[in-house]
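These notes concern the structure reproduced below.
Chains as they are written, first to last, in this note's numbering: chain A, 5 to 274; chain B, 337 to 645.
See below:
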C-alpha cells in the first residue's frame with residue numbers, strides 16, 4: 005500500500021542550522037495495517053508523516069502509494085489518496101466557515117471543484133447522521149461557524165472530514181496531544197471506530213505510550229531520523245507502556261555515553 | 337436633491353470597489369494594493385473603447401477582464417515567485433501606471449459626447465417616464481435622468497452582489513474562502529491554494545476595474561491619477577460595513593460592503609459640504625481607517641484592564 009524507500013531529508017543544508025531529519029528511512033505498509041510511530045523529540049516521526057503527505061519533497065528516495073509513485077506529486081495532488089488529522093485541532097478546519105461547509109469541502113477531497121452547489125440534501129442528510137453519532141450535540145449546529153467549537157469537537161470533526169471519502173492512507177499526527185484527557189479518549193474511540201469500519205491503512209504518530217501500546221497492529225520507534233525498532237504481530241501485542249519507556253531509557257543512556265565519550269576524547273586530544 | 341442622488345450613485349459604483357477589496361483583504365487576508373492601479377485600468381480601458389465608439393457594455397466587460405488580468409499578475413508574482421503579498425501588489429500597481437497611460441495615449445480621456453451606460457440608462461428612463469423630465473418624490477423634485485442612472489447602477493450592484501454570494505457558496509467558492517482561512521487544511525483536502533489566490537485576486541481586481549469603468553462613465557472622464565488611495569477608500573467602506581451588519585456571515589458582509597460604501601460616500605459629501613477642503617480628503621480617509629483599525633484593539637485592552645482591576 006505505502007512504500008517508503010531509502011528516504012532522506014535534510015533541512016537548511018549547508019547552514020549552521022542543518023538538520024538531517026530523515027536518514028534513509030525504509031518502511032512498507034500492508035493494506036489495512038495500522039502502524040504507530042513513536043520516538044524522541046526531533047527523531048523525525050512527524051517529518052516522516054509530512055514527507056508522505058507531500059508537505060515538502062524528499063532529497064533522496066521514493067514514495068509509492070496505492071501503486072503509484074507519488075515522490076514528485078505536490079501536497080494537494082497527494083490529498084486525493086490521503087486523509088490527514090493534524091496535532092493542532094485548529095489546523096484541520098476552516099474557522100469562519102460553518103460545520104456543514106467544512107464537511108462539504110472534505111466531501112470533494114481530490115475531486116474537481118466547479119460551480120456546482122456545495123451543499124445538497126443527500127449530503128446534509130449524511131452529515132446530520134454522522135455528526136449525531138459523535139454524540140456532541142453538533143448535528144443541530146451545522147450552520148454554526150466551526151471556529152466557535154472546542155478543540156476536541158473540532159478534532160472529532162476533522163477526523164470525520166479526513167475519512168469522509170475513504171482515503172487510501174490515513175495520517176494521524178499526534179492528533180490527541182493538544183486535547184484534554186476526556187476529549188482525547190473520545191477522539192481515540194472515534195479513531196478506532198472509523199479505522200475498523202473502513203479497514204483503513206493508517207500511520208499514526210503519538211506521544212502517549214498508553215496509545216502506542218494499546219492501538220494498532222505494528223509499532224515502529226524512530227531515533228535521529230532512522231527506524232530503530234519495528235514490532236509486528238504477537239511481539240507488538242505483548243508490548244506494554246513500561247516496555248516502551250524502558251526502550252526510551254536505553255536510548256537516553258546510550259546518548260549520554262556517546263556524549264561523555266566524546267568529551268573524554270576531546271579532553272585527551274584537543 | 338440632485339446632489340444626494342449623485343452621492344448615492346457614486347456610493348453604489350464604489351461599492352463594487354468595496355466588494356473587490358472585501359475579497360482580497362477579508363476573504364484572502366491578502367493586502368492587495370493592486371486595486372489602486374486596476375480601478376484606473378478599468379476606467380482607461382472602458383474610456384478608450386467608448387471614445388472609439390464601442391458599446392458601453394463591451395467597454396464594461398473589457399474593463400472587468402483587464403482588471404482580472406492585473407489581479408492574476410499580482411497573484412502569480414506572490415504564489416509562483418514567492419514575492420511578499422504587499423510588494424507584489426505594489427509592483428503591479430506601479431507597472432499599471434505606465435500601462436494606463438499607454439492604453440489612453442494621454443493622461444486624461446474625456447467622455448463628453450459618447451454613448452455610455454449613463455446616457456443609455458437616462459435614455460431608457462426618459463422613455464419610461466413618457467417625456468416627463470422630473471417627478472415628485474415625497475415633496476422633492478427629482479430629475480428623471482438622475483433617478484434612472486441611480487436605479488441602473490443599483491440594479492448592477494444588486495446583480496453583482498448576488499452573483500458573488502452565489503459564487504462563494506459553490507464548491508469552488510467555498511474552497512476559495514477556506515484558502516484564506518486555513519491554507520494548510522485546504523491543501524490537505526486536495527486544493528491547489530496557489531491557484532485559488534490567483535483566481536481570487538483576479539475576481540477581486542475585476543470588480544475593482546468594473547467599478548472604475550462605471551465611475552469613468554458617470555463622471556465623464558478617465559484620468560490616470562483617479563486610482564490614488566482607492567484601496568484605503570474601499571477598506572474604509574468594508575470596515576464601516578462590518579460595523580453596520582455586526583456579523584461575519586457571508587451574505588451580510590457583502591451587503592455590509594455596499595452599505596458601508598454608500599454611507600462613507602455620504603459622510604464625505606457632508607464633510608465637503610461643511611467646508612472640508614477636497615485636498616484633505618485622502619488624509620481624512622487614511623486617518624479614519626487608522627482609527628477604525630486601532631479602536632477595537634484599544635477597546636479590548638481597556639476591557640481587559642477593567643476585568644483585571
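Virtual Cβ for every residue (Gly too), placed ideally from N, Cα, C.
Please read these numbers as outputs of a predicted model, since none were measured by experiment.
DSSP three-state assignment for residue 368/B, whether helix, strand or coil:
coil
Measuring only the C-alpha atoms, how far is residue 436/B from residue 564/B?
13 Å
Is the shortest distance between the beta-carbon of residue 110/A and the beta-carbons of chain B less than 7 Å?
yes
Quick one: what's got a C-beta closer than 6 Å to residue 176/A's C-beta in the same chain, skipping five residues either side?
89 and 208
Run through DSSP, which three-state label would residue 73/A get?
strand
For residue 367/B versus residue 423/B, is the C-beta spacing smaller than 7 Å?
no
Residue 12/A - DSSP class collapsed to helix/strand/coil
strand
Under a three-way DSSP split, which group does residue 460/B fall into?
helix
Since residue 12/A and residue 63/A should fall inside the 8 Å C-beta cutoff, what is the C-beta to C-beta distance between them, to a whole number of angstroms?
5 Å
Short Cβ contact (7 Å threshold) for residue 58/A with residue 226/A
no
Using a cut-off of 9 Å between C-beta atoms, extract the partners of residue 505/B located in chain A.
105, 121, 122 and 123
Please report the Cβ distance between residue 6/A and residue 173/A, rounded to the nearest whole angstrom; I am assuming they are in contact, meaning their Cβ atoms lie under 8 Å.
6 Å
Integer Cβ distance of residue 344/B from residue 486/B, believed to fall under 8 Å
6 Å
Contact between the stretch 573-590 of chain B and the stretch 378-391 of chain B (3+ Cβ pairs under 8 Å):
no
Excluding five sequence neighbours on each side, which residues of the same chain lie with their C-beta closer than 7 Å to the C-beta of residue 217/A?
243, 244, 245 and 248
Straight-line gap, residue 427/B to residue 414/B (C-alpha atoms, nearest Å):
11 Å
Quick one: what's residue 470/B bridged to in DSSP?
479/B
Is there a Cβ from chain A that is less than 7 Å from the Cβ of residue 559/B?
no
Candidates 385/B, 519/B, 568/B and 583/B: which alpha carbon is nearest residue 600/B's?
568/B
Cross-chain neighbours of residue 239/A in chain B, by beta carbon under 7 Å
Simply none; closest approach about 33 Å.
Looking at chain A, is there any beta carbon in it that lies within less than 7 Å of the beta carbon of residue 528/B?
yes
At the level of alpha carbons, what is the spacing between residue 266/A and residue 142/A?
57 Å
When Cβ atoms are compared, which residues of the stretch 509-539 of chain B fall closer than 8 Å to chain A?
509, 510, 511, 513, 514, 517, 518, 520, 521, 522, 523, 524, 525, 526, 527, 528 and 529
What's the call for residue 157/A, buried or exposed, on a 16-neighbour Cβ count within 10 Å?
buried
If we ignore side chains and look at the alpha-carbon of each, how far apart do residue 66/A and residue 74/A end up?
8 Å
Below-7 Å beta-carbon distance, residue 101/A vs any chain B residue:
yes
Here's the rule: buried if 16 or more other CB atoms are within 10 angstroms of the residue's CB, otherwise exposed. What is residue 268/A?
exposed
Could you name the residues of the same chain whose beta carbon sits closer than 8 Å to that of residue 231/A, not counting the 5 residues immediately before and after it, in chain order?
29, 30, 31, 224 and 225
Quick check: the Cα distance between residue 26/A and residue 165/A, rounded to an integer number of angstroms?
29 Å
Roughly how far, in whole angstroms, is the beta-carbon of residue 8/A from the beta-carbon of residue 56/A, given that I think they are within contact range, below 8 Å?
7 Å
Using the beta-carbon of each residue, which ones in chain A are nearer than 7 Å to residue 472/B?
The contacting residues do not exist; residue 472/B stays about 45 Å from chain A at best.
Examine the Cβ distances between the stretch 397-413 of chain B and the stretch 471-491 of chain B and report whether three or more of them are shorter than 8 Å.
no
Residues, ordered as in the chain, of the stretch 573-600 of chain B that lie near chain A by beta-carbon distance below 8 Å
584
Looking at the unbroken alpha helix (DSSP H) that takes in residue 429/B, where does it start and where does it end?
421-440
Tell me the rounded alpha-carbon separation between residue 373/B and residue 381/B.
12 Å
Note down, in chain order, each residue of its chain lying with its Cβ closer than 6 Å to the Cβ of residue 588/B, except the 5 sequence neighbours on either side.
581
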